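Peer 1: Sequential numbering from 29 applies to the sequence shown in our numbering. Positions of the beta carbon are idealized from the N, C-alpha and C atoms, including for glycine. None of the values given here were measured: they were computed from a predicted structure. This is the structure I want to talk about, given as structure tokens.
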Amino acid sequence: LCRFMDKKLSLKLNGGRHVQGILRGFDPFMNLVIDECVEMAPGGQQNNIGMVVSATGSTGSRV
């Protein structure tokens, strides 16, 4: 993930959510910090949601 730091990403999250933003940080458990985050809602609507921490939770799979 280091090569994606400070770059704009498009992410699909659990529950069918789609967000775009700039990767500001991450940890070994794949928790992500996304800045300037925009939720891409159905119908083309975009919702600015600011900074987001996407946590994998305790059931995250490991490879």
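1. Please return the same chain residues whose Cβ sits closer than 7 Å to the Cβ of residue 76, not counting the five positions on each side in sequence.
2. What residues match up with residue 39 in a beta bridge as DSSP calls it?
3. When you compare only the Cα positions, how much space is there between residue 59 and residue 71?
4. Going by DSSP, name the residue or residues bridged to residue 54.
Peer 2: In terms of the structure at hand:
1. 66
2. 47
3. 28 Å
4. 60
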